[in-house]
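Residue numbers (the working numbering): 21 to 244.
The beta-carbon is built from N, C-alpha and C at its ideal position, and this holds for glycine as well.
Read the structure below first, then the notes.
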Ligand code: TYD
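Structural data, given as structure tokens:
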């Protein structure tokens, strides 16, 4: 049975849009579900997200960064995901454990075996049943993310939004970092083809949504 669907991909891959579209589609078919995100799916997580994304020129060491993401996840699982799953609610999550492997593992070079063990602790052993990996060339994702940042920057008067998006630390990383993250996600998909579906995120939003819908409908119809 499908209980948890995660959306993964690089910055600007359009995960959040696809998550919302799937949420609306399922709601329209009477299949209520809960859309949530990491980092920032709880109140505590929002504080952690601000620390992570707003750090500006502060240097955050790799282990510090890792523990902040894991702390966010542990709280998110405890407060949101586990209770939702226990009540039979289908959960759609914008980023989950694979982001830690791709960003902290492949991106920052933290040992993957250790990350898997820590992910296990933070997630309490919960793994997604389906993961949609929205893959697109790094340059395309970064230019989309930059566009989004500048729109929010020019429109929003909310200090929090401005700081957490426009000054996103990851968007400031060099292209090679994002290339490593992309390769990492694709490598993960190769090792778990049954769970991780690689989708071409450079396609039109509607087309991508259609493909996601088809996969989910098929699995739900099969009682998976
Ligand atoms: P966010 O503003 O939520 O961006 P996006 O819309 O791309 O998800 O920023 C989240 C950033 O955190 C994103 O660049 C990926 C990164 N991240 C990690 O490095 N490790 C993790 O475990 C998670 C969940 C996210």
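Can you find the residues in the same chain that come closer than 7 Å, C-beta to C-beta, to residue i, ignoring five residues on each side of it along the sequence?
{"i": "residue 179", "result": "Here the model assigns residue 179 a pLDDT of 49, short of 50, so the residue's position is not dependable, and the following value carries that caveat. There are no such residues."}
{"i": "residue 68", "result": "59, 88, 91, 92"}
{"i": "residue 159", "result": "none"}
{"i": "residue 62", "result": "95, 96, 99, 100"}
Tell me whether residue i, by its Cβ, gets closer than 7 Å to a heavy atom of ligand 1.
{"i": "residue 124", "result": "yes"}
{"i": "residue 152", "result": "no"}
{"i": "residue 244", "result": "no"}
{"i": "residue 31", "result": "yes"}
{"i": "residue 115", "result": "yes"}
{"i": "residue 58", "result": "yes"}
{"i": "residue 62", "result": "no"}
{"i": "residue 73", "result": "yes"}
{"i": "residue 190", "result": "yes"}
{"i": "residue 120", "result": "yes"}
{"i": "residue 36", "result": "yes"}
{"i": "residue 89", "result": "yes"}
Just list the residues that DSSP pairs residue i with in beta bridges.
{"i": "residue 119", "result": "Residue 119 is not bridged to any residue."}
{"i": "residue 56", "result": "113"}
{"i": "residue 220", "result": "155"}
{"i": "residue 27", "result": "114, 152"}
Suppose the cutoff is 6 Å on Cβ atoms and the five residues either side in sequence are ignored; what does the same chain contact list for residue i look like?
{"i": "residue 165", "result": "31, 32, 191"}
{"i": "residue 55", "result": "39, 43, 112"}
{"i": "residue 24", "result": "111, 148, 149"}
{"i": "residue 218", "result": "153, 155, 209"}
{"i": "residue 109", "result": "54"}
Who are the Cβ neighbours of residue i in its own chain at under 8 Å, not counting the five residues just before and after it?
{"i": "residue 229", "result": "38, 41, 42, 45"}
The region 219-236 touching the region 137-146, judged by at least three CB pairs closer than 8 Å: no
Meets three-Cβ-pair contact criterion under 8 Å: the region 79-86 and the region 94-102: no
Three-pair Cβ contact test at 8 Å for the region 31-48 versus the region 121-133: no
Whole runs of the alpha helix (DSSP H) within the region 85-111, excluding any shorter than 4 residues: Runs of the alpha helix (DSSP H) lying entirely within the region 85-111, each at least 4 residues long, are 102-106 in chain order.
Inside the region 122-175 only - beta strand (DSSP E) runs reaching at least 3 residues: 150-155
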